[in-house]
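A.B. asks:
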Amino acid sequence: MALCRGRNRSKFIVCLFGASIVVYYIFNRHNNPGDIVGTSLREVPTEQDIANEMLKKPVYDKPPLDLNALGEMGRAVKLNLVGEEKKKEVESINKHQINTYVSDMISLHRSLPERWNPLSLPSTSVVIAFYNEAWSTLLRTVHSVLETSPNLLLREVVLVDDYSDRAHLKEPLENYISSLKKVRLIRARKREGLVRARLLGASIATGDVLTFLDCHCECHEGWLEPLLHRIKEKPSAVVCPVIDVIDWNTFQYLGNPREPHIGGFDWRLVFTWHPVPEYEQKHRHSPIDVIRSPTMAGGLFAIWQCGGSLEIHPCSHVGHVFPKKAPYSRGKALANSVRAAEVWMDEYKELYYHRNPHARLEAFGDVTDRRKLRTQLRCKDFKWYLENIYPDIHVPEDRPGMFGMLKNRGMSSYCFDYNPPDDNNLVGHRIILYTCHGMGQNQFFEYSSERSEIRYNTREPAGCAAGDAVSTYLTVHLCKKPRQPVPQDQKFVLREAVDKTDNGSPAPALRPCSDHANQKWFFEERGAANQTPILWWREREREREREREWRRERERVRERERVREREREREREREREWRRVRERAGGPKTHTQVQCPYAVEIALVIFTRN
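The opening position of the sequence shown corresponds to residue 193 in our numbering, with each subsequent residue numbered one higher.
#1: What's the gap between the Cα of GLU765 and the Cα of TYR368?
#2: Can you look up GLU745 in the DSSP assignment and give me helix, strand or coil?
#3: Buried or exposed for THR333, please, with buried defined as at least 16 other CB atoms from any protein chain shown within 10 angstroms of its CB.
#4: How is PRO700 classed by DSSP in three states: helix, strand or coil?
#5: Apart from the five residues on each side of it in sequence, which residues of its chain come closer than 6 angstroms, Cβ to Cβ, to VAL530?
#6: Using the three-state DSSP reduction, which class does HIS810 fall into: helix, strand or coil?
#7: Could you give the distance in angstroms between the alpha-carbon of SER605 and the alpha-carbon of PRO700?
#8: Measuring alpha carbon to alpha carbon, tell me which of GLN473, ILE435, MET537, CYS571 ends up nearest CYS498.
#9: Which class does ILE369 belong to by DSSP, given the choice of helix, strand or coil?
#10: With burial defined as no fewer than 16 other Cβ atoms inside 10 Å of the residue's Cβ, what is the status of MET297: buried or exposed?
#11: Could you pull out every unbroken alpha helix (DSSP H) segment of at least 4 residues lying fully inside the region 354-431, listed in chain order?
#12: Tell me the DSSP secondary structure of ASN528 in three-state form.
#13: Which parts of the region 560-629 are runs of the alpha helix (DSSP H), unbroken and 4 residues or longer, counting only runs that do not cross its ends?
#14: Can you tell me which of LEU391, SER336, GLY385, ASP354 puts its alpha carbon nearest to the alpha carbon of LEU372?
#15: Under three-state DSSP, which class holds LYS249?
#16: Out of curiosity, what's the CA-to-CA distance linking GLU803 and LEU526?
#17: Using a threshold of 8 angstroms, state whether the C-beta atoms of ALA394 and ASP353 are closer than that.
#18: Identify, in the order they occur along the chain, each residue of the same chain with its Cβ nearer than 6 angstroms to the Cβ of ARG390, setting aside the five sequence neighbours on each side.
#19: With DSSP as the reference, label HIS301 as helix, strand or coil.
#20: Please determine if the region 570-587 and the region 530-550 are in contact, where contact requires at least 3 C-beta pairs separated by less than 8 angstroms.
#21: Considering only DSSP beta bridges, list what ARG460 is partnered with.
#22: Taking HIS509 as part of the beta strand (DSSP E), name the residues at either end of that continuous run.
#23: Just the Cα atoms here: how many angstroms apart are ALA494 and ASN548?
#24: Classify TRP496 as helix, strand or coil using the three-state DSSP reduction.
#25: Rounded to the nearest angstrom, how far is the Cβ of LEU420 from that of PRO314, given a contact under 8 angstroms?
#26: For HIS669, list the residues DSSP reports as bridge partners.
#27: Tell me the residue span of the alpha helix (DSSP H) that contains GLU539.
#28: Quick check: VAL513 and THR329, are their CB atoms within less than 8 angstroms of each other?
#29: According to DSSP, is ILE290 part of a helix, a strand, or is it coil?
#30: Distance, Cα to Cα, ALA429 vs ARG647?
#31: Please report the Cβ distance between LEU338 and VAL349, rounded to the nearest whole angstrom; I am assuming they are in contact, meaning their Cβ atoms lie under 8 angstroms.
#32: Do the region 482-494 and the region 458-465 touch if we need at least three Cβ pairs shorter than 8 angstroms?
#33: Are there three or more Cβ pairs, one per stretch, closer than 8 angstroms when the region 358-367 is compared with the region 278-288?
#34: For THR442, which three-state DSSP category applies?
#35: On a CA-only basis, which of LEU271, ARG383, ARG347 is nearest LYS374? Give me that one, please.
#36: Near VAL229, which residues of its chain fall below 6 angstroms by C-beta distance, leaving aside the five closest residues on each side in sequence?
See the structure below:
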């Protein structure tokens with residue numbers, strides 16, 4: 193992605209994703225072809241793959257290049273002709289008004305030099321931060337950048353080691369990159385985290401544009417030029433490539449042959465992918481036009497609020513290995529989300545807290561300076577962002593009594609619960625009743641008074657409760673967009689009875705209406721009846737503090753023991769020194785003990801004079 197930055201000259205940022213990271217399986221995964229024991233399985237290209245490759249090739253290949261041939265690479269052919277040969281040249285010019293005599297000497301297949309102006313695009317520094325990354329994926333990323341980026345545009349590759357502790361990232365890495373041109377390595381003195389590590393790399397970068405890549409990527413030919421060209425056109429743009437998927441297990445390059453997706457988020461501030469909406473399609477005039485995106489991995493909606501734009505360029509492709517799960521903990525992820533909500537989301541931060549009740553207890557530090565910066569930059573409010581940049585996101589009403597746990601009066605300890613087994617397929621599963629836990633997440637629902645929907649509203653795209661006419665159970669279907677009508681099976685004032693699922697768990701089901709308590713439901717927010725989880729979090733935090741204090745006290749006891757041991761060792765050393773002095777003096781075996789070597793020397797002088 194790219195963002196303008198101020199130095200002695202204009203600097204912009206081109207960045208791919210942000211830390212958080214937090215990454216998620218994004219595109220529909222292709223079926224793995226399976227494993228063959230003892231063999232390396234290679235994907236057989238389809239006819240369509242072969243056809244696509246053939247379309248990229250010219251009709252005929254050029255013959256081998258002979259740099260010494262006349263006129264090769266567009267060089268001028270100047271001949272000192274005399275006599276008959278000069279006469280032939282003149283005749284050819286008179287006949288065709290061009291020097292066909294020279295033309296006939298030049299190969300019909302001659303090669304020409306590149307004619308784009310290297311000064312027309314800014315240069316870039318590619319910053320790659322890593323922490324305990326695997327050897328091959330890190331260096332494949334480096335080589336991919338070096339082998340697909342024009343030399344004139346690539347100023348340098350800056351590797352930032354975020355305090356890795358694995359041996360192969362120490363001296364072996366330094367030795368390897370020492371032979372690579374334009375590659376620099378710097379090391380953090382402590383664990384900084386992804387963003388600060390990238391900023392450390394940016395602080396020493398010398399290119400006009402900063403390009404941030406993850407440390408397990410592969411770049412396509414021509415990935416860089418479209419990004420730099422767009423930045424030259426619009427310096428305030430943050431430009432991202434299309435991020436293709438590389439399978440973590442087989443390393444198959446899955447790609448994305450369909451229309452690129454744009455970034456979004458749900459009200460837990462978790463990044464999500466979405467198809468390009470219709471209003472954005474109308475904004476574009478060509479399939480190669482950039483696509484405006486509300487967010488990218490890492491959030492970044494503040495870019496829009498402060499006058500920039502976040503765009504995806506369909507002509508730039510970079511593959512990314514999405515790991516099976518995060519290889520290391522991200523302990524500050526929640527605090528970072530809270531900081532983003534507190535600084536940028538205004539009153540809409542309550543929607544985040546309703547869906548993350550434990551976030552209210554998270555220590556997130558002082559954000560006074562960040563709020564001042566927002567004021568100084570005259571950034572727009574979050575309402576403007578929702579209305580103008582992300583109008584497709586559903587903004588919950590969250591009225592009192594219309595969101596939270598959906599409880600049954602006849603079974604007051606049970607709540608609506610929706611926990612799909614597959615995070616990549618959130619719809620089509622059955623809603624059950626489960627013991628209320630008050631922590632939101634899979635038990636957080638919202639009633640939309642305008643659309644009469646019961647929404648499972650912690651994730652995006654949101655799911656809506658829908659009646660199943662065959663089984664009478666409730667399932668979750670995708671909610672319709674704001675401008676789309678609500679289907680009748682998702683639009684109700686429910687009076688449900690309690691039944692059992694196939695495995696014996698209680699579940700809401702559609703039954704004829706009655707006055708039974710099991711057909712009466714109510715939403716419970718985090719009120720008086722819902723303080724238990726909050727108190728539980730606080731008690732757990734107090735327990736953690738007691739544990740930390742106990743560890744500190746244990747360390748103090750150990751330190752006191754170490755001090756006593758050092759004192760005993762000094763006492764033993766004084767005793768040994770005293771014995772050595774007495775042996776050198778040849779005096780009696782018993783003597784008044786002295787306390788230090790200097791006193792021993794004085795005693796020795798007195799003794800020998802006597």
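Each residue gets a CB set at the ideal place from its N, CA and C atoms; glycine is no exception.
C.D. replies: So, to answer that:
#1: Those two C-alpha atoms are separated by around 50 angstroms.
#2: In the structure shown, the three-state DSSP call for GLU745 is helix.
#3: Counting Cβ neighbours within 10 Å, THR333 comes out buried, since at least 16 surround it.
#4: Judged by DSSP in its simplified three-state form, PRO700 adopts strand.
#5: By the criterion of a C-beta distance shorter than 6 angstroms, VAL530 is surrounded in its chain by ALA551, GLU554, PHE556, once the five residues flanking it on both sides are discounted.
#6: Absent from the model: residue 810. The displayed extent of the chain is 193 to 802, so no value can be given.
#7: Whole-angstrom Cα-Cα distance: 14 angstroms.
#8: Nearest to CYS498 by alpha-carbon distance, out of GLN473, ILE435, MET537, CYS571, is CYS571.
#9: Three-state DSSP puts ILE369 in a helix.
#10: Taking all protein chains shown into account, MET297 has fewer than 16 neighbouring C-beta atoms within 10 Å of its C-beta and is therefore exposed.
#11: You should have 363-369, 386-396, 416-425.
#12: Helix, per DSSP.
#13: Counting whole runs of 4 or more residues, the region 560-629 contains the alpha helix (DSSP H) stretches 560-568, 574-580.
#14: Each of LEU391, SER336, GLY385, ASP354 was checked against the Cα of LEU372, and the nearest Cα belongs to SER336.
#15: If DSSP states are grouped into helix, strand and coil, LYS249 belongs with coil.
#16: In the structure as shown, the chain starts at 193 and stops at 802, and residue 803 therefore has no counterpart that could be examined.
#17: With respect to the 8 angstroms criterion, ALA394 and ASP353 are not classified as neighbours on the basis of their beta carbons.
#18: Once the five neighbours on either side are set aside, the close Cβ partners of ARG390 are VAL319, ALA321, PHE404.
#19: Coil, per DSSP.
#20: Flag = yes, the region 570-587 and the region 530-550 touch.
#21: DSSP lists no partner for ARG460.
#22: Taken as a continuous stretch (DSSP letters only), the beta strand (DSSP E) holding HIS509 covers 501-513.
#23: It is roughly 21 angstroms from the alpha-carbon of ALA494 to the alpha-carbon of ASN548.
#24: It is helical.
#25: Approximately 6 angstroms separates the beta-carbon atoms of LEU420 and PRO314; this is inside 8 angstroms, confirming the contact.
#26: Its beta-bridge partners are CYS656.
#27: Premise fails: GLU539 is in no alpha helix (DSSP H) and is neither H nor E.
#28: Yes; because the gap between Cβ atoms is below 8 angstroms, this pair is in contact.
#29: The answer is coil: DSSP assigns ILE290 none of H, G, I, E or B.
#30: Between the alpha carbons of ALA429 and ARG647 lies a gap of roughly 35 angstroms.
#31: Indeed, because the Cβ distance is near 7 angstroms, the residues count as touching under 8 angstroms.
#32: In this structure the region 482-494 touches the region 458-465; the number of beta carbon pairs closer than 8 angstroms is three or more.
#33: No: the two stretches stay apart, fewer than three of their Cβ pairs being nearer than 8 angstroms.
#34: Residue state, collapsed to three classes: coil.
#35: Of the candidates LEU271, ARG383, ARG347, the one whose C-alpha sits nearest the C-alpha of LYS374 is ARG347.
#36: In this prediction, VAL229 has a pLDDT of 31, which is less than 50 and means its spatial position is unreliable; nothing more can be read from the coordinates.
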